[in-house]
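**Student:** Heads up: the protein sequence lines correspond to chains L, B and Z, in order.
Residue numbering for the first sequence follows my numbering, starting at 1 and increasing by one per position.
Residue numbering for the second sequence follows my numbering, starting at 1 and increasing by one per position.
Residue numbering for the third sequence follows my numbering, starting at 1 and increasing by one per position.
Right, I'll just put the structure down here and ask away after.
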Amino acid sequence: MSTVAIIALASAFVTHATAHTPTASMEPALLTTLALALGDGAIAAADGHAVDAAHAVHSTSGYADVGPLHFVKAVANTDFAWLKWMLLAPLVSVILCGAMAMFKVKGRLPALFTVAAFGLSTAMAIALYFQFGPTLFATHAPLTVPFMDWLSLTWGPGPFQSFTANLGFYIDGISMLWMLFVTVLATLIALYASEYMESDLKAGYARFFFAVSLFVTSMLILVMSDNLVGLYLGWEGVGLCSYMLIGYYATQPGATAAAKKAFIMNRIGDLGLALAIFLIWTNYGTVQYDSLFQAIAGSTSEAVQGGWSKAAIPFLLLLAVCGKSAQGPLFTWLPDAMWGPTPVSALIHAATMVTAGIYLLARMAPFYTVQAIGPEWAETALLTVGWIGCFTAFIGATIACGQFDYKRVFAYSTISSLGYMVMGLGVGTAFGGVYYVFTHAWFKALLFLTAGAVMHGMAGQVDFRKLGGLLRVPGFRLTMICMLLGCLWLATAPFSAAAESKDIILLTALTSHVQQVQWMGWIGVLTAGITAYYAFRVWFRLALGPVKIEPGADQHADHGHDDHAGHADHAHGGADAHAGHSAAHGSGTFHPHAPGFRISLVLTLLAIGSVLAGLPSYLAHSQGFNWIQRFVQNSSAWMRAGNSEEHGQILGRDAHSTLFIIATSVVVAGFLLAWILHAKNRALGDRLRAFMLNTTGLKWIPLGSEHGWYVDQFYNAIIGIPAWLGAQLLAFTDRFVIDGVIVAAIGRFPGFIARVFQPLYTGTVQSYALTMAGGIGLIVAWVVWVWLSGGAS
Amino acid sequence: MNANLFYAAAALGAVVLYLMMEPRPAAFRAALTVCGLAAVALIISAVARNAPVPESAGTDPSFWVHVMVALVAVAGAARMVTHPRPVYAALYFVLVILAVSVNFLLLQAEFMAFALLIVYAGAILITYLFVLMLAQQSGDQSMRGEESAWYDRTPREPIAALILAFIMLSATGDALFRRDNSVPWLASPAVVARANIRAWERMEDMPELLLRESSAIAETAGITDIAKLERSADGRIISVDPSGTTASLTLLSANGDRHPITLDGTAAPANSTALGHALVAQFPVSLELAGVILLMALFGAVVLARRQMAMAEDERRAAAGLPRIDDGGSLSRGGAA
Amino acid sequence: MITLASMGSVAPMTPAMPANIQVTLALAIILFAIGLVGFLTRRNMILMFLSTELMFQAAALAFVAFGRMWMDLSGQLMVIFILTVAAAEAALALGLVVLLYRRKETLSSEAWAELKE
């Protein structure tokens, strides 16, 4: 099998090298025509004349300065008022599932409502594409649809004396793209979850679908809103649902701790977003996308005012992205989020919520231009974005190499992939980033769901050292094949959809004129190799080798097993065999629970989707345009839409072919390394690891990788230790100052006063008389000598 | 008033009183007595030095009688509060009562003087003396051969008490004597007129007395056939002239002759007569209430004595080994003894 | 002109000499102070009450003196009532003192100090 793969790759390389090379032999005229047709024909200004080739040069060679901006003003159209049902359908599902959760309804009804609602939203998204898409691509004008008034305040006539943030829709390229894949994936994953969560039918099933429906509602609000406050509303909503779903298994302390960690780290990002919104309002006076983009387009780079407050906006937005998409310093919550059920991991932490950060970057791309913040700040901001993405991609990959929990491997791979996307937006290709988002959503969801199927069948066993040879276990073959597809896509196997999309990012980085960006590109290439290694490390260990199944500790599995007695159970191959095996339950042998129809269906559909996700790139030549790129070019990120065809040179040679060679080489190298250490000769792999652990100089590599480079421990230290100190100080204050001094003083005060006056109570009449007479004497004296004499005697 | 002299004399008196509280040798006691009396004399001189003098009078000999009475009274009171033997203290109190009674006489309150003697010295003090003698009957083990019990000999916080007394004395003296014209020592003509008018109005209720007295005076003037007094239109006998300084009544002879008699300012019934009339005519309710108070005292004394009687009886029977009488209520129910 | 000088009173009711009244009042406040000292100083219960009687005396003297000053009989009337009350009070007080004496065989007022508990 391995030799076949190598021959296939080699042949593919040859054809690609010859087919995808716009070499210097092509005439410059054809070059310019291509540029016009692909890149700039879509950027027709409102007054109708085509933008000149100079613009094409700018858009391909400019890094921070992308030339003059032209944002087409949005068009309001109430014909699309039916779009509100896209939001309301999941909202209705929220209410129904919530009611069912409150009244403790048992049964699969919540799943039915959820899948139906999501399916309805999907249908509407597709209908929107067909109805509005052509208009958008022709006029380049986004669509605004008013829905509901929310905040509409005016306290004066001036520009900074009103605040409008209503619930309306703003449909441009990226909104539409996000709406499409979010709804489709949500429907599929909800269908998957309806079977996966069946062990919880008696408890929590409705609650799960309530949270999932609420999540999709919030995500749609996020992508469809026409102002920043609506985006923030959706942002918070998805954070809340993430918390609810990570902590779904609320009786496990690990889950609740992970949920809190996720929420708090998201909150740090939310702070960035909130501050950015405040600064945007104070600088521009509005939070509506349309007005903002027009304002930015109208200003020239020389006339940028506002100093630090304007320049801080892109960095604060980057902070928000780090929080939501697990980048930079805030990535540690995503691996812990694996405590949630696997459909949650697939939907939220692979496909949709974490891509909200990329959406934000794409949407807010105008704020990273020289027109918004001046040339030096723009370059700094973009470089920061790029470096954060690059660094996160590399770190995620290195940690994934040391994990033994295959779900965590996929989690770190998500972090790494998100790093690529952020890097893409940082190096100047929003098209690359968004395309990778699209393909990544499909194959990452596929990977997580296959992992879930394995977990579901192996009673929650997540350590792949305890499993093996699953390709040969009856019932799991389909799952393993889907996982193989996913791993190939993850490793960016050549010609896969993932490779098509990721390579755009690497291409843009490596051909940039800025030296730092080129370094980012090379680090990205290295990371791709590491990615291939760990992806196949997982698959080889799980799928190949002798069959080994050690079940996990999940009690749900037994229940699920009994509940599915009537299920078409491939694992038992027949009713009598089933009866015979169920009689053998008491003997202690474990029977893995093969995935059922719904799970298999969803896995198949996702696999097909992952393959088809590359269609835009495959059909780009015949169609003349890349379907995804067309979305991006008709959105707020168009100035960085990038050009899939026109690039410079890598290492002195043609960009496309060189990159193809380099990328394929590292991927194959990683694949081979994984094959050697984990498929062919596992003993060698174990010996290598033991050798590294025993060598003092190399020990840190496997240990650090396994423990995530101790980032969590570091955060605990820098936050936990001051907190501990503060707590000790407070405890001391409470015990000695408040209790000891203040409370004791207050407590002893009445006694003290009583003891002062106690000698008066002697019991003898004369002493009381003395006291009384003394009082009278004092009063008489005061009356006579002070009062009667008018204060002076 | 000479304030500094007053305070100094008061302080001297306080010191003397303090020194007298403990039993002292006789000579020392004599010296202390002299000092105390000197202190009182100084107080009096400080107070009365600048007393306003009415135009009509010269030196009034009754002033010195007042002073002597004051000295006697203070001496008796001082000895009363310092004497270690209770009976002697009670007897010194009688001395004080006598002095005060004489003072009442000087102040033209004759009835009160003798009432004081009869009630206070004659009844209350006798009761005190009886009780003192009763309460001293058992040989107090705390006596130990002394003449008086320890609790009679040693004063209780004398310094605090004396400071307090000094403060009260000074303050009261200040209030009374230091304010110029605050107390109208010299009775103004209006006061005199009002007193006369009140006296004449009192006499309206005493027609027989008026007839008798005025007939006697008229007889000395040669008019012998007085029949009755003339009443004016509203039934009044005495008519007061508008200025209020004189009054007159008219005697009617049997033959109808009218003889007007002028009453001058000094015409007034005797103190007892006037007091009795005032008690019944002006304060009848208070009189009755005083009677009620005495009735209550009688009741209280009977109740207390009853308990006492039962208790005493009980103790004797217990000492003799007999069953108790007092079983908490049989006596009140008239149960058999 | 026939004038009725007096009706058998010992002395006519004429305005009093201020010096006399002042001496009497000084005597009254001195007696009150001495009575106060006696009340606070003597431990014998009966002598305590006797000192209060002394204070009554001083008050009566003051009443009569002021009555004389104002040439009003009300001062003496007040003294009648003071006398009444003093008599009633003395009777009851002495009865109680005797009862107390019977309990503790002592006239010291400090024997009853435990009553404060």
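Yeah, the Cβ is synthetic: ideal placement off N, Cα and C, and Gly gets one too.
1. Should the stretch 97-108 of chain Z be regarded as contacting the stretch 75-89 of chain Z, the criterion being three or more beta carbon pairs within less than 8 Å?
2. Which word fits alanine 792(L), buried or exposed, when buried means at least 16 other C-beta atoms lie within 10 angstroms of its C-beta?
3. What's the call for lysine 73(L), buried or exposed, on a 16-neighbour Cβ count within 10 Å?
4. Can you check whether the C-beta of serine 51(Z) is within less than 8 Å of a C-beta belonging to chain L?
5. Apart from the five residues just before and just after methionine 77(B), which ones in its own chain have a Cβ nearer than 6 Å to its Cβ?
6. Taking valine 37(Z) as part of the alpha helix (DSSP H), name the residues at either end of that continuous run.
7. Looking only at its chain, what residues have a beta carbon closer than 8 Å to the beta carbon of leucine 125(B), apart from the 5 residues adjacent to it on each side?
8. Any chance the stretch 119-134 of chain L sits against the stretch 235-249 of chain L, with 3 or more Cβ pairs inside 8 Å?
9. Strictly by DSSP, which residues pair up with serine 162(L)?
10. Quick check on tyrosine 128(B): does DSSP put it in helix, strand or coil?
11. Please check the pair leucine 330(L) and methionine 265(L), which I expect to be a contact at CB under 8 Å, by giving their CB distance rounded to whole angstroms.
12. Given a cut-off of 8 Å, decide if tryptophan 150(L) and leucine 167(L) are closer than it, judged by their beta-carbon atoms.
13. Specify whether the stretch 62-73 of chain B and the stretch 20-40 of chain Z touch according to this definition: at least 3 beta carbon pairs, one from each stretch, less than 8 Å apart.
14. Which two residues bound the contiguous alpha helix (DSSP H) that contains histidine 707(L)?
15. Please go through the same chain and pick out, in chain order, the residues whose beta-carbon is closer than 6 Å to the beta-carbon of phenylalanine 111(B), but skip the five residues on each side of it.
16. Can you give, in chain order, each stretch of the alpha helix (DSSP H) that sits fully within the stretch 482-561 of chain L and has at least 4 residues?
17. Report the residues of the stretch 67-92 of chain Z with a CB closer than 9 Å to any CB of chain B, ordered along the chain.
18. Relative to chain Z, which residues along the stretch 741-753 of chain L have a C-beta separation below 9 Å, given in chain order?
19. Taking contact to mean at least 3 C-beta pairs separated by less than 8 Å, is the stretch 420-430 of chain L in contact with the stretch 383-395 of chain L?
20. In the DSSP output, which residue or residues are listed as bridge partners for glutamine 629(L)?
21. Of the residues that make up the stretch 755-786 of chain L, which ones have a beta carbon closer than 7 Å to any beta carbon in chain B?
22. Within 10 angstroms of its Cβ, does isoleucine 159(B) collect 16 or more other Cβ (buried), or is it exposed?
23. Mapping DSSP to helix, strand and coil, what is isoleucine 97(B)?
24. Along chain L, in chain order, which residues have C-beta atoms closer than 8 Å to that of methionine 21(B)?
25. If you follow the beta strand (DSSP E) that histidine 259(B) is part of, which residue opens it and which one closes it?
26. Which same chain residues end up closer than 6 Å to methionine 219(L) when comparing Cβ atoms and leaving out the 5 residues on each side of it in sequence?
27. Mark phenylalanine 103(L) as exposed unless 16 or more other C-beta atoms lie within 10 angstroms of its C-beta, in which case mark it buried.
28. Counting C-beta neighbours from all protein chains within 10 Å, is the total for phenylalanine 49(Z) 16 or more, i.e. buried, or is it exposed?
29. Grouping DSSP H, G and I as helix and E and B as strand, with all else coil, what is alanine 60(Z)?
30. Which residues does DSSP list as the beta-bridge partners of arginine 249(B)?
31. Our contact map puts leucine 5(B) next to cysteine 35(B) with C-beta atoms below 8 Å; I'd like the distance itself, whole angstroms only.
32. Do glycine 133(L) and methionine 176(L) count as a contact pair if the criterion is CB distance below 8 Å?
33. What's the gap between the Cα of leucine 605(L) and the Cα of valine 437(L)?
34. To the nearest angstrom, how far is it from the Cα of alanine 451(L) to the Cα of proline 159(L)?
35. Closest by CA to phenylalanine 394(L), which one among Thr531(L), Phe691(L), Ser617(L)?
36. Which same chain residues end up closer than 6 Å to isoleucine 32(Z) when comparing Cβ atoms and leaving out the 5 residues on each side of it in sequence?
**Tutor:** So, to answer that:
1. The stretch 75-89 of chain Z and the stretch 97-108 of chain Z do not touch, with fewer than three beta-carbon pairs separated by less than 8 Å.
2. Here residue 792(L) is taken as the residue at index 792 of the first sequence, counted from 1. Residue confidence is low: alanine 792(L) scores 45 on pLDDT, short of 50, so the model does not pin down where it sits. No coordinate-derived value is stated.
3. Position 73 of the first sequence holds residue 73(L). So lysine 73(L) counts as exposed.
4. Here residue 51(Z) refers to the residue found at position 51 when the third sequence is read from its first residue. So no, serine 51(Z) is outside the interface.
5. As a first step, residue 77(B) is located in the second sequence; it is residue number 77 there, counting from the start. At residue 77(B) the sequence reads alanine, which differs from the methionine that was named. Excluding residues within five positions, the ones whose Cβ falls inside 6 Å are Val96.
6. Here residue 37(Z) refers to the residue found at position 37 when the third sequence is read from its first residue. 18-41 is the extent of the alpha helix (DSSP H) around valine 37(Z).
7. Here residue 125(B) is taken as the residue at index 125 of the second sequence, counted from 1. The residues are Ala90, Phe93, Val94, Ile97.
8. Segment contact: the stretch 119-134 of chain L against the stretch 235-249 of chain L, fewer than three CB-CB distances shorter than 8 Å; contact not assigned.
9. Here residue 162(L) refers to the residue found at position 162 when the first sequence is read from its first residue. Within the DSSP secondary-structure output, serine 162(L) pairs in a beta bridge with Thr154(L).
10. By one-based count along the second sequence, residue 128(B) stands at place 128. DSSP places tyrosine 128(B) in helix when its eight states are reduced to three.
11. Locating residue 330(L) in the first sequence gives position 330, where the first residue counts as 1. Locating residue 265(L) in the first sequence gives position 265, where the first residue counts as 1. Right, the Cβ-Cβ distance comes to about 5 Å (below 8 Å), so this counts as a contact.
12. Residue mapping note: residue 167(L) aligns to position 167 of the first sequence, counting from 1. Residue mapping note: residue 150(L) aligns to position 150 of the first sequence, counting from 1. Against a cut-off of 8 Å, the Cβ pair of tryptophan 150(L) and leucine 167(L) comes out as a contact.
13. Flag = yes, the stretch 62-73 of chain B and the stretch 20-40 of chain Z touch.
14. The residue you call residue 707(L) lines up with position 707 of the first sequence. First-last for histidine 707(L): undefined, no H or E at that position.
15. By 1-based counting over the second sequence, the position of residue 111(B) is 111. Excluding its 5 nearest sequence neighbours in each direction, phenylalanine 111(B) has C-beta neighbours in its own chain below 6 Å: Asn271, Ser272, Leu275, listed in chain order.
16. Counting whole runs of 4 or more residues, the stretch 482-561 of chain L contains the alpha helix (DSSP H) stretches 497-510, 515-543.
17. From the stretch 67-92 of chain Z, only Gly67, Arg68, Met69, Trp70, Met71, Asp72, Leu73, Ser74, Gly75, Gln76, Leu77, Val79, Ile80, Phe81, Leu83, Thr84, Val85, Ala86, Ala87, Ala88, Glu89, Ala90, Ala91, Leu92 have a Cβ closer than 9 Å to chain B.
18. The residues in question: there are none.
19. The answer is yes - the stretch 383-395 of chain L touches the stretch 420-430 of chain L, with three or more Cβ pairs under 8 Å.
20. One-based indexing of the first sequence puts residue 629(L) at position 629. In DSSP, glutamine 629(L) forms no bridge with anything.
21. Of all residues in the stretch 755-786 of chain L, the ones placed with a Cβ closer than 7 Å to any Cβ belonging to chain B are Gln766, Leu770, Ala773, Gly774, Gly777, Val780, Ala781, Val784, Trp785, in chain order.
22. Along the second sequence, read from residue 1 onward, the residue named residue 159(B) stands at position 159. Under a 10 Å Cβ-count criterion, isoleucine 159(B) is classified as exposed, with fewer than 16 other Cβ atoms of the shown protein chains found around its own Cβ.
23. For the purposes of this step, residue 97(B) is identified with residue 97 of the second sequence, where counting begins at 1. Residue state, collapsed to three classes: helix.
24. Here residue 21(B) refers to the residue found at position 21 when the second sequence is read from its first residue. Under the 8 Å cutoff, chain L gives no residues; its nearest Cβ is about 14 Å from methionine 21(B).
25. Locating residue 259(B) in the second sequence gives position 259, counting from the first residue. Judged by DSSP secondary structure, histidine 259(B) falls within the beta strand (DSSP E) whose first and last residues are 258-263.
26. Reading the first sequence from its first residue, position 219 is the one you call residue 219(L). Answer for methionine 219(L): Val182, Val238, Thr352, listed in chain order.
27. One-based indexing of the first sequence puts residue 103(L) at position 103. Around the beta-carbon of phenylalanine 103(L), fewer than 16 other beta-carbon atoms lie within 10 Å, marking it exposed.
28. If you number the third sequence from 1, residue 49(Z) lands on position 49. Per the 10 Å Cβ criterion, buried.
29. Mapped onto the third sequence, residue 60(Z) falls at position 60. It is helical.
30. Translated into the one-based positions of the second sequence, residue 249(B) becomes position 249. In the sequence on display, residue 249(B) carries leucine and not arginine. In the DSSP output, where bridge partners are listed per residue, leucine 249(B) has Ile261(B).
31. Position 5 of the second sequence holds residue 5(B). Position 35 of the second sequence holds residue 35(B). Contact flag wrong, Cβ pair sits at about 15 Å.
32. Taking the first residue of the first sequence as 1, we reach residue 176(L) at position 176. Taking the first residue of the first sequence as 1, we reach residue 133(L) at position 133. Judged by beta-carbon spacing, glycine 133(L) lies within the 8 Å limit of methionine 176(L), meaning their Cβ atoms are closer than that value.
33. As a working note, residue 605(L) is residue 605 in the first sequence. As a working note, residue 437(L) is residue 437 in the first sequence. Straight through space, the alpha carbons of valine 437(L) and leucine 605(L) are spaced by roughly 18 Å.
34. The sequence position of residue 451(L) within the first sequence is 451, counting from 1. The sequence position of residue 159(L) within the first sequence is 159, counting from 1. Cα to Cα, alanine 451(L) sits roughly 54 Å from proline 159(L).
35. Taking the first sequence and counting its residues from 1, the one referred to as residue 394(L) is at position 394. It is Thr531(L).
36. Along the third sequence, read from residue 1 onward, the residue named residue 32(Z) stands at position 32. According to the sequence as given, residue 32(Z) is phenylalanine; it is not isoleucine. Same-chain partners within the cutoff: Met55, Ala58.
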